[in-house]
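The sequence shown begins at 93 in the working numbering and counts up by one.
Worksheet: the structure to be examined is printed underneath.
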Amino acid sequence: MDGFQRRRERKKESIRRAALELYSKYGVQKVRVAEIAKKAKVSQVTIYNYFGGKNELLRDVISRLLNEKLQEHIELVETDLPFPEKIEKFISEKTRDLAALNPDFLKSIMSEDPAIKEMVEDFAKYRFIPLMLNFIEKGKNDGYINKSISTEAILLYINIFKEAKRSDMLLDQEQNQRLFKELATLFYYGLLGKPRE
Numbered sequence: 093m094d095g096f097q098r099r100r101e102r103k104k105e106s107i108r109r110a111a112l113e114l115y116s117k118y119g120v121q122k123v124r125v126a127e128i129a130k131k132a133k134v135s136q137v138t139i140y141n142y143f144g145g146k147n148e149l150l151r152d153v154i155s156r157l158l159n160e161k162l163q164e165h166i167e168l169v170e171t172d173l174p175f176p177e178k179i180e181k182f183i184s185e186k187t188r189d190l191a192a193l194n195p196d197f198l199k200s201i202m203s204e205d206p207a208i209k210e211m212v213e214d215f216a217k218y219r220f221i222p223l224m225l226n227f228i229e230k231g232k233n234d235g236y237i238n239k240s241i242s243t244e245a246i247l248l249y250i251n252i253f254k255e256a257k258r259s260d261m262l263l264d265q266e267q268n269q270r271l272f273k274e275l276a277t278l279f280y281y282g283l284l285g286k287p288r289e
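Quick look at the structure:
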């Protein structure tokens, strides 16, 4: 990549970051291209040249975030960490730059833009869910997960724990650590508090 291309990519990334911050703070409908341009320190024309318009920029931002998140999950799944540590990292992951990808925000923009709805649904169906299914099957084959529990139930169980992290109860950092350790125990052993003999 030559100097011109690197500068172009840096500008595009600056625009994406500015758009994400503004979209997640004020909502897509309330943000104008002029505000994104000002925050990214580029001209409006630059945004139109690179992305075509506000809706196309939003689609690009969501697509990039989904792909970044998928790559993080792939890297986690492929590490040499023991399976329980991978699960713990997965359910405790930091939501870096994913304020815009919280379920309420996604539902809102999906209802407003059929192209984003299709993109997110295709991403989940063809990329994210297959990765998680393989991960769970590996956990079953390695003896970490009870083979009698359906993969669907396990996916739902993981999502319940991920949602719990968004609770107002977990906002206090010190309390967050303590509660998360207790949740991890519940995650692995249920209410019995220890593995069954």
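Glycine included, every Cβ here is placed at the ideal spot set by N, Cα and C.
Determine the DSSP secondary structure at Met51, reduced to helix, strand or coil.
Residue 51 is absent from the model: the chain starts at 93 and stops at 289.
Using 8 Å for Cβ pairs, my map puts Val125 next to Ile139. What's the rounded Cβ distance?
Yes, Val125 and Ile139 are in contact; Cβ-Cβ is about 6 Å, under 8 Å.
Tyr236 and Phe182: beta carbons closer than 7 Å?
Taking 7 Å as the Cβ cut-off, Tyr236 and Phe182 do not qualify as a contacting pair.
Between Phe253 and Glu113, what straight-line distance do the alpha-carbon atoms span, to the nearest angstrom?
Per the coordinates, the alpha-carbon of Phe253 lies some 26 Å from the alpha-carbon of Glu113.
Determine the DSSP secondary structure at Ser203, reduced to helix, strand or coil.
Three-state DSSP puts Ser203 in a helix.
Can you tell me whether Tyr115 is buried or exposed, with buried defined as 16 or more other CB within 10 angstroms of its CB?
It is buried - the Cβ of Tyr115 has at least 16 other Cβ atoms within 10 Å.
Consult DSSP for Asn238 and reduce its assignment to one of helix, strand or coil.
Three-state DSSP puts Asn238 in coil, outside helix and strand.
Rounded straight-line distance, which links the Cα of Glu167 to that of Arg188
Below a pLDDT of 50, predicted positions are generally treated as unreliable, and Arg188, at 45, falls in that range; the measurement from the model is reported next regardless. Straight-line Cα distance between these residues: approximately 16 Å.
In chain order, what residues of the same chain have a beta carbon less than 8 Å from the beta carbon of Asp152, not counting five sequence neighbours either side?
Here the set comprises Arg108, Phe143.
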